[in-house]
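Take a look at the structure set out below.
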Amino acid sequence: MKIAITWDYELFFGERSGTVELCMLEPSNRLLSLAGKYKIPFTFFPDAGCLIKFEEQAACNQDLQAIKNQIRLWDAQGHETGLHIHPHWEKSRWNGRQWEHDLSFYKLSDFSAEEASGIVERYASYMNSLLSQPMQSYRAGGWCAQPFAPVADAMKKTGIHLDSSVFKGGKNAKKPYYYDFTDAPEVSHWKFTEDPAVLDVEGDFTELPIASMNYSPLFFWKLFVFGRLFPSHHKPIGNGTPAKGGGSKKQLLTRAHRLCVSADGYFSTQLNRALRKAKQANEPFLVVIGHPKALTEYGLKTLEAFIAEHCGDHEFVTLSSVL
Ligand SMILES: [Zn+2]
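Counting in my numbering, the sequence shown runs from 118 upward without gaps.
What follows is the structure in C-alpha cells.
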C-alpha cells in the first residue's frame with residue numbers, strides 16, 4: 118500500500134490567526150525531523166494567498182522570509198508542494214496588529230469566474246517561483262473545490278493535473294463552506310473535468326481523494342475529555358482559533374460523522390483503523406490529511422509510532438507518486 122501524508126500549511130482563519138512561529142514553522146520543523154528520521158517524503162499544501170498578502174505588508178516580512186526558507190528547505194529535501202488556495206486573503210485586512218478576514222469570500226466560487234481564474238494563475242506562478250519543480254496537484258481551501266469548471270482552464274494552464282480535495286461521503290453546506298461529495302464514485306481514484314466528485318473517463322484531471330471514514334460520538338467524547346484532562350499532551354501547537362461553520366461540539370458528541378482520515382492531534386489514533394480498512398478494500402493507496410497548526414504532542418507521538426510500524430511493510434510517498 119502507498120501512503121501519502123499531506124499537510125495543509127496555514128494560519129487559522131477565525132478571530133485569532135495565531136502566529137506563524139507556532140502554527141506553521143515550529144510544527145513543520147517537527148514534521149521535517151520525523152520525515153528525516155524515517156526517510157519518508159511528505160506533501161505540503163502551503164496557503165499561497167497568505168504568502169502573497171504577506172509580500173504586501175512590511176510588518177509580516179520577517180515571517181514571510183522564514184516561511185519561504187522553510188518551503189525551500191523541504192523542497193530541497195524532496196518533499197512535494199501542491200497548490201492550496203484560501204482566496205479570502207484577497208479581501209483580508211491588516212489592522213496594525215493582526216489579520217481580519219472577510220469570510221463572505223471564503224471560496225473561489227464566491228468570486229467571478231474571471232477573478233477566480235486570475236487568482237489560480239497568480240497563486241500558482243508565485244508558488245512555482247519558490248520551487249525546484251512546478252506543482253502538479255491542487256487542494257481547495259476548506260475542501261470547497263466545487264464548482265471546478267470556472268477554474269479548470271486556469272488549472273490546466275498552470276500544469277495542475279491532480280486534485281486531492283474530495284473525501285468520499287463528505288458534505289458541508291454551512292456558510293462559508295460548500296462541498297458535497299456524497300455521490301463521489303466508489304473507486305479509489307478517477308478522472309474528472311468539471312466536478313472533482315464526478316467521474317468523466319475523458320477528463321483532463323485525476324482525483325486522488327483524501328481517505329474518509331466514520332467517527333463515532335465516543336471518539337469525540339474521548340477527544341474532548343482527554344483534551345480537558347491532559348492539555349499539555351492534547352493542546353494544539355498552533356495558537357489561533359478556527360473559522361466557524363465546521364460543525365458544532367454538540368453534533369460531534371451525539372451522532373457519527375463522515376470525516377477525513379487525518380493526522381491532526383487525536384485523529385492520528387485512527388490511522389491504523391484507516392489502514393486496515395484500506396487494505397480490506399484492496400485500495401492501492403491511502404491519502405491522509407493533516408495541518409501543522411493542529412498537531413499536538415500526543416498526535417506527533419502517535420503519528421511517529423504509525424510511521425515506525427509501517428515504513429517497512431508499506432511505502433510512504435508524495436501525493437503525485439501514489440499511482
Ligand atoms: Zn487550508
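Backbone N, C-alpha and C define an ideal beta-carbon position, used for all residues, glycine too.
Nearest-angstrom Cα separation, counted from residue j out to residue i
i: Ala398; j: Leu190; result: 37 Å
i: Lys352; j: Pro144; result: 13 Å
i: Gln174; j: Trp211; result: 8 Å
i: Ala380; j: Phe161; result: 13 Å
i: Phe309; j: Cys167; result: 28 Å
i: Asn331; j: Ile120; result: 19 Å
i: Asp164; j: Glu426; result: 31 Å
i: Cys185; j: Leu247; result: For the sequence presented, residue 185 should be read as Lys rather than Cys. Between Lys185 and Leu247, the C-alpha separation is close to 7 Å.
i: Lys418; j: Leu346; result: 18 Å
i: Cys140; j: Phe129; result: 8 Å
i: Lys367; j: Lys291; result: 16 Å
i: Leu200; j: Met252; result: 7 Å
i: Ala301; j: Trp307; result: 10 Å
i: Glu231; j: Arg239; result: 12 Å
i: Ala395; j: Gly195; result: 26 Å
i: Thr386; j: Arg256; result: 24 Å
i: Arg390; j: Pro158; result: 22 Å
i: Leu376; j: Gly287; result: 6 Å
i: Ala373; j: Ile327; result: 19 Å
i: Ser349; j: Gly276; result: 43 Å
Assigned exposure category for residue i - 16 Cβ within 10 Å defines buried
i: Lys170; result: buried
i: Trp338; result: exposed
i: Thr123; result: buried
i: Val237; result: buried
i: Ser209; result: buried
i: Gly429; result: exposed
i: Ser282; result: buried
i: Gly258; result: buried
i: Gly153; result: exposed
i: Ser229; result: exposed
i: Pro204; result: buried
i: Ser150; result: exposed
i: Asp441; result: The shown model of the chain, from 118 to 440, leaves out residue 441, and the question about it has no answer.
i: Ala266; result: exposed
Check: residue i C-beta below 7 Å from any heavy atom of ligand 1
i: Gly166; result: no
i: Glu127; result: yes
i: Gly259; result: yes
i: His278; result: no
i: His205; result: no
i: His431; result: no
i: His201; result: yes
Coarse secondary structure for residue i, derived from DSSP in three states
i: Ile354; result: coil
i: Ala121; result: strand
i: His374; result: strand
i: Asn389; result: helix
i: Leu316; result: coil
i: Ala266; result: helix
i: Glu132; result: coil
i: Asn212; result: coil
i: Ala328; result: coil
i: Lys399; result: For clarity, residue 399 is Asn in the given sequence; the question names Lys instead. Coil at Asn399, not helix or strand.
i: Leu412; result: coil
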